[in-house]
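S.K.: In our numbering, the protein residues as written are 191 to 425. What follows is a single structure, and I will ask about it in a moment.
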Amino acid sequence: MHEQRRQAYLQAMGINHYVPRFVLPNALASPRCETFVADMSAMVVESVAAQEPQTAPPSPASPAARAPKIEVEFAAKKPVPPRPVKDEVITEPRFTAELVLSDLGILFIASGNLSGAQKRLVANIAQAYSTFALEGRDPALQAGRFQWPVSQGRSLPRGEAAAKDALSANVLARSERQKLNKIVIFGDTLQPYLDEAMLTTEGLKIIKSASLEELMSDGNAKAALWQALRTAAQS
């Protein structure tokens, strides 16, 4: 069928959109179809344009961003010099020890210079012990003295440790010469300066007593000392 006549038949039947299955060579394109394709192309272009994000105009730079950058060089911290170490202050003890030796195997140690009454008390204690343990042997008391510091010379050791070593060595030397095996310490003033562990290791028994002043006024303190001496004599 001729193309113009076919288009006329189609329009008469009310068929406006018709795409032939087979198109003959050199056939005219349907004007209705061309219009439809053109409309679809325009719709696709408009849809793509709507979906593309709109590029916002660049915002003006802030004043801080426009300001020139100023580089500041921080000075390196200087190392803090170490504080000078102060010389250690050594407290120098000062004391006098009365050392009363005897032929009873006992060394009596008291702090300070003994008065006449205190010397008689020590003699009475020694005599009572001799009567109880050694059949009344003569105590043969001999007084000695140890004073700290020994010398003012700065080259010698100082401090409590040095005083302890010196007094302990002096007591040990006297005990070895007199063959003593017991030490009676009156009061607690001199106890920090006696190395009890060392003296005990050397075979000396240490008996701690109240001070001579307390013994002269307190019968209970005197009884406690007497009990300790009796126990030491029987051991």
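No residue lacks a Cβ here, since even glycine has one placed at the ideal position from N, Cα and C.
Reducing DSSP to helix, strand and coil, say where residue 309 ends up.
M.R.: helix
S.K.: How about residue 291 and residue 334: are their beta carbons less than 8 Å apart?
M.R.: yes
S.K.: Classify residue 333 as helix, strand or coil using the three-state DSSP reduction.
M.R.: DSSP places residue 333 in strand when its eight states are reduced to three.
S.K.: Let me confirm a value: residue 307 is counted as buried when at least 16 other C-beta atoms fall within 10 Å, else exposed. Which label applies?
M.R.: Counting of Cβ neighbours within 10 angstroms places residue 307 among the exposed residues, the total staying below 16.
S.K.: Given a threshold of 16 other Cβ atoms within 10 Å of its Cβ, counted over all protein chains shown, does residue 288 qualify as buried or as exposed?
M.R.: buried
S.K.: Going along the chain, which residues of its own chain have a beta-carbon closer than 6 Å to the beta-carbon of residue 398, five neighbours each way excluded?
M.R.: 375
S.K.: Just to confirm my understanding: we take residue 354, look at its own chain, exclude 5 residues before and 5 after, and list those with CB closer than 8 Å. What are they?
M.R.: Within the same chain, residue 354 has close Cβ partners 382, 383, 384, 385.
S.K.: Rounded to whole angstroms, what is the Cα-Cα separation between residue 361 and residue 389?
M.R.: 9 Å
S.K.: From residue 419 to residue 319, what distance separates their C-alpha atoms?
M.R.: Each residue's alpha carbon lies about 7 Å from the other.
S.K.: On the three-state DSSP scale, how would you describe residue 301?
M.R.: strand
S.K.: Please name the residue in 363, 196, 417 whose C-alpha comes closest to that of residue 297.
M.R.: 363
S.K.: Return helix, strand or coil for residue 294, following the three-state DSSP convention.
M.R.: Coil, per DSSP.
S.K.: Which residues does DSSP pair with residue 372 in a beta bridge?
M.R.: 296, 395
S.K.: Output the distance between the C-alpha atoms of residue 273 and residue 356, rounded to the nearest integer angstrom.
M.R.: 36 Å
S.K.: So residue 324 is in the alpha helix (DSSP H); what residue range does that whole segment cover?
M.R.: Here residue 324 belongs to no alpha helix (DSSP H), and DSSP marks it neither H nor E.
S.K.: Out of 370, 404, 283, which has the shortest C-alpha to C-alpha gap to residue 393?
M.R.: 370
S.K.: List the whole-angstrom C-beta distance separating residue 405 from residue 412, where the pair is believed to meet the contact cut-off of C-beta under 8 Å.
M.R.: 5 Å
S.K.: If I measure Cβ to Cβ from residue 326 and keep anything under 6 Å in the same chain, skipping five residues before and after, which residues do I get?
M.R.: 320
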